Amino acid sequence: MPSPAFLLRQLPLGRRRGFLLLQTCRAPVTQGRTIAGAATGVAEAERRIKTFEDLPGPSLLQNMYWVLLRGYLLYSHELQFVFKKKYGPVWKTSFGQYKVVNVADVDLLETILRQEGKYPMRCDMDSWKMHRRMRDLANGPLTEEGHKWHTLRTVLNKRMLRPQEAVLYTASVNEVVTDFLVRLEEMRKESPSGVMVNDLPNAFYRFAFEGISYILFETRIGCLKSQIPAETQQFISSIGNMLKYSIFLYIFPEWMNKVLPFFRLYIQSWDNIFAFAKKLIDQKMRLIQDRLDRGEEVQGEYLTYLLSSRQLTDKEVNGSVAELLLAGVDTTSNTLCWALYHLAQDPEVQDVLYKEVTEVIPGETIPTAEDLTKMPLLKAVIKEALRLYPVIPTNSRVAVEKPIALGDYSFPTGTLFGLCHYVIARDEANFHEPNKFIPQRWLRQDRVKNNPFSSIPFGYGIRACVGRRIAELEMHMALSRIIQKYELKPDPKGGKIKSIARVVLAPNKDLNLQFLKRESTSCSA
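Numbering (the numbering used here), first residue to last: 366 to 890.
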């Protein structure tokens, strides 16, 4: 039988370091120690506990060099590979007001997440909270912390996070998908070739906005019209600007806000987001009040539930809905873009997927939530796209309740951990051929047992994405009906698309694809 030392040597260097860190952390203490064991125990006790300052990592100037001069500002997720190779699975960075312990080993990441306590805390999101303080607005599920966050999430989780309740939105999602397919057909006809859909990310962005707005506000906002209403377009542009400027506010210290030329635009973008949400909330409140005045029973979906239950104040509803809009768009839009991009590159997988879909929903049948349970490859395609392109490539946690120990290191409460999901999900120790699009790896018969924390695009535990079930429903419905209707082919002039980090991962340039009508649906809209 191979010795433990031999087996350890077979691990990649990064996993070896992580394994050793874990073993020193988990080493059991027994009563029956040998003399050698006792000596070892003394040596362990005498060893100085290491802290943040003892970690390897780039200096502030070196970090600025990589990010600003080497061009990694929009490729910070790729910088994870550079630093992991140079410093090992755990390293420190300092940037702006933040000191971060970066973790790029799946076992160590699991160790941190399993110690997160009752009120998990991400990065303090201070640039977002700053706007709330300036305008006397309530924090939402992304910015609130502690007991107040837990109370807020308890209310918001109802009617959204549980699978059986997410199914309630199936008809609304299918209505939006139907309109999106009409818009896709219009875009095809607008192209010189008659089959090309240009700027696919923008098309899916509009689809996702329309979908989450319909669910939250129970009203359509016109994102899928040929001419988007000016107010809706301002709202969409404001979210894009807010995310873009958030990156720079993360880098620069707060005292520079007064001199940064874009700070006013950043605050104005948030003002536009909240104003748009408040207008639709007020509109719904008037409708509810009218029903009550007429003695009618108040029924409806998400916003009606939040307003009529009176579990949150109007201020809290406004803050929560504004942030839920953000959480409900990028996951759906970017993941669908990446899924279609790779399916166009891999006709064999696309063909198998088409056969699976059409066996369950033949012809122009509109799928139900139950139909989706019979399409394992469809779900695997979305899971693989999320593995390769996690919407948030680096998540974070703050040690809140107690210090966190990782091997010889002890990190006090208040320590900020950067969880490097992007590099972990592309680690060969976790996934065979990690940079290839292989959705079959998620199918039951082909599934390789690995640490489930290797790919957690929706987060973990009670701080996981509140809109996960809605996003999955939208993605599965949209992908099944697109594949049912079209054959996808690459843009002959497109070239390779890479991802850039603008808080969330997005394509680095226009992503265009050919949508060729399948014969069985050639007469449909």
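Using N, Cα and C, we set each Cβ at its ideal position, and we do this for glycine too. Quick caveat: nothing in here was measured; it's all calculated off a predicted structure.
Q. Which residue or residues does DSSP assign as beta-bridge partners of MET561?
A. Translated into positions along the sequence shown, residue 561 becomes position 196. DSSP output for MET561 lists GLN879 as bridge partner(s).
Q: With DSSP as the reference, label ILE865 as helix, strand or coil.
A: For the purposes of this step, residue 865 is identified with residue 500 of the sequence shown, where counting begins at 1. Note: ILE865 maps to strand in three-state DSSP.
Q. On the three-pair Cβ rule with 8 Å, is the segment 483-499 touching the segment 666-680?
A. no
Q. Roughly how many whole angstroms lie between the Cα atoms of PHE802 and TYR706?
A. By 1-based counting over the sequence shown, the position of residue 802 is 437. By 1-based counting over the sequence shown, the position of residue 706 is 341. Distance between the alpha carbons of PHE802 and TYR706 is about 10 Å.
Q | Continuous alpha helix (DSSP H) assignments of at least 4 residues falling wholly in the segment 467-539 | A | 471-478, 491-500, 511-522 and 528-531
Q) So what does ALA642 bridge to, in DSSP terms? A) In the sequence shown, the residue the question calls residue 642 occupies position 277. Beta-bridge pairing links ALA642 to no other residue.
Q) Would a C-beta distance cut-off of 8 Å place SER591 and GLU551 closer than the cut-off? A) Position 226 of the sequence shown, counted from the start, is the residue given in the question as residue 591. Position 186 of the sequence shown, counted from the start, is the residue given in the question as residue 551. Yes, they are a contact pair.
Q) Which residue's Cα is closest to the Cα of ARG833: LEU691, ASN816, ASP711 and GLY772? A) Counting from 1 along the sequence shown, the entry for residue 833 is found at position 468. The residue with the shortest Cα to Cα distance from ARG833 is LEU691.
(Q) Check for me: the alpha helix (DSSP H) holding ARG893 runs from which residue to which? (A) The question about residue 893 has no answer, for the chain in this structure spans 366 to 890.
Q) In whole angstroms, what is the alpha-carbon distance linking PRO485 and ARG809? A) To locate residue 485, count along the sequence shown from 1; it is residue 120. To locate residue 809, count along the sequence shown from 1; it is residue 444. If I take the Cα positions, the gap works out to 32 Å.
Q. What residue ranges within the segment 648-709 form continuous alpha helix (DSSP H) runs of no fewer than 4 residues, ordered along the chain?
A. 667-674 and 679-692
Q: Taking all protein chains shown into account, decide if ALA734 is buried (16 or more other Cβ within 10 angstroms of its Cβ) or exposed.
A: Counting from 1 along the sequence shown, the entry for residue 734 is found at position 369. ALA734 is buried by the Cβ-count criterion.
Q) CB ALA836 to CB THR738, shorter than 8 Å? A) Numbered from its first residue, the sequence shown carries residue 836 at position 471. Numbered from its first residue, the sequence shown carries residue 738 at position 373. In this structure, THR738 does not lie closer than 8 Å to ALA836 by Cβ.
Q) Under the three-state reduction of DSSP, which class applies to ALA392: helix, strand or coil? A) Along the sequence shown, read from residue 1 onward, the residue named residue 392 stands at position 27. The predicted model places ALA392 with a pLDDT of 38, which falls under 50 and marks its position as unreliable; any figure quoted below should be read in that light. Note: ALA392 maps to coil in three-state DSSP.
Q: Return the residue from the list SER611, ALA568, ASN606 and LEU581 that minimises the CA-CA distance to ILE593.
A: Taking the sequence shown and counting its residues from 1, the one referred to as residue 593 is at position 228. Minimum Cα distance to ILE593 is reached at ALA568.
Q | Sequence-distant residues of the same chain with beta carbon closer than 6 Å to ARG752, five excluded per side | A | Taking the sequence shown and counting its residues from 1, one reaches residue 752 at position 387. So the qualifying residues of the chain are ALA790 and SER820.
Q) By Cβ distance, which residues of its chain are closer than 8 Å to ARG867, with the 5 residues on each side in sequence left out? A) Sequence index remark: in the sequence shown, residue 867 carries index 502 (1-based). Answer for ARG867: LEU439, LEU608, LYS609 and ILE612, listed in chain order.
Q.
If you reduce the DSSP assignment to three classes, tell me which class GLY779 lands in.
A. What you label residue 779 is simply residue 414 of the sequence shown in a count that begins at 1. Note: GLY779 maps to coil in three-state DSSP.
Q) In this structure, does DSSP put ILE847 in helix, strand or coil? A) Taking the sequence shown and counting its residues from 1, the one referred to as residue 847 is at position 482. The answer is helix: DSSP assigns ILE847 an H, G or I state.
**Q.** Length of the line joining the Cα atoms of ARG883 and LYS850
**A.** As a working mapping, residue 883 is identified with position 518 in the sequence shown. As a working mapping, residue 850 is identified with position 485 in the sequence shown. Their Cα atoms are separated by approximately 6 Å.
**Q.** Opposing strand residues paired with THR458 [DSSP bridges]
**A.** Here residue 458 refers to the residue found at position 93 of the sequence shown. According to DSSP, THR458 bridges with VAL465.
Q | At least 3 beta-carbon pairs within less than 8 Å: the segment 580-590 vs the segment 640-651 | A | yes
Q: Return the residue from the list PHE880, LYS874, LEU870 and VAL831 that minimises the CA-CA distance to ALA531.
A: Taking the sequence shown and counting its residues from 1, the one referred to as residue 531 is at position 166. Looking at the Cα atoms, VAL831 is the closest of the given residues.
**Q.** Residue environment, SER674, which counts as buried when at least 16 other CB atoms sit within 10 Å
**A.** The residue labelled residue 674 in the question sits at position 309 within the sequence shown. Label assigned to SER674: exposed.
Q) Just curious, the alpha helix (DSSP H) that LEU426 is in, first and last residue? A) The residue labelled residue 426 in the question sits at position 61 within the sequence shown. Residues 425-429.
Q. In whole angstroms, what is the alpha-carbon distance linking LEU517 and GLU555?
A. As a working mapping, residue 517 is identified with position 152 in the sequence shown. As a working mapping, residue 555 is identified with position 190 in the sequence shown. Between LEU517 and GLU555, the C-alpha separation is close to 45 Å.
Q. Helix, strand or coil: how does DSSP classify TYR579 here?
A. In the sequence shown, residue 579 corresponds to position 214, counting from 1. Three-state result, TYR579: helix.
**Q.** Pair within 8 Å by beta-carbon distance, CYS702 and LEU876
**A.** The residue given as residue 702 occupies position 337 in the sequence shown. The residue given as residue 876 occupies position 511 in the sequence shown. Cβ distance < 8 Å, so CYS702 and LEU876 count as in contact.
Q) When the distance is taken between beta carbons, is GLY684 closer than 8 Å to GLY505? A) Position 140 of the sequence shown, counted from the first residue, corresponds to residue 505. Position 319 of the sequence shown, counted from the first residue, corresponds to residue 684. Yes, Cβ-Cβ distance for GLY505 and GLY684 is below 8 Å.
Q. Name the DSSP beta bridge partners of LEU870, please?
A. In the sequence shown, the residue the question calls residue 870 occupies position 505. Answer is ALA866.
Q: Rank LEU689, LEU549, TYR615 and TYR774 by C-alpha distance to the C-alpha of VAL432 and give the top, closest one.
A: The residue given as residue 432 occupies position 67 in the sequence shown. Checking every option, the nearest Cα to that of VAL432 belongs to TYR615.
Q) Between TYR631 and the rest of its own chain, which residues show a CB-CB distance below 7 Å, the 5 nearest in sequence each way excluded? A) Numbered from its first residue, the sequence shown carries residue 631 at position 266. Answer for TYR631: MET607, TYR610 and LEU614, listed in chain order.
Q.
Quick check: the Cα distance between GLY772 and ILE414, rounded to an integer number of angstroms?
A. Against the sequence shown, residue 772 aligns to sequence position 407. Against the sequence shown, residue 414 aligns to sequence position 49. C-alpha separation (whole angstroms): 9 Å.
**Q.** Proximity winner among ILE848, MET840 and VAL714, relative to THR535 (alpha-carbon distances)
**A.** Along the sequence shown, read from residue 1 onward, the residue named residue 535 stands at position 170. That would be MET840, whose Cα lies nearest to the Cα of THR535.
Q) So what's ALA770 in DSSP terms, helix, strand or just coil? A) Against the sequence shown, residue 770 aligns to sequence position 405. Three-state DSSP puts ALA770 in a strand.
**Q.** Inter-residue CB distance, GLY482 and GLU766 (contact presumed, cutoff 8 Å)
**A.** The count along the sequence shown starts at 1 and reaches residue 482 at position 117. The count along the sequence shown starts at 1 and reaches residue 766 at position 401. Yes, they are in contact, since the Cβ atoms of GLY482 and GLU766 sit about 4 Å apart, within 8 Å.
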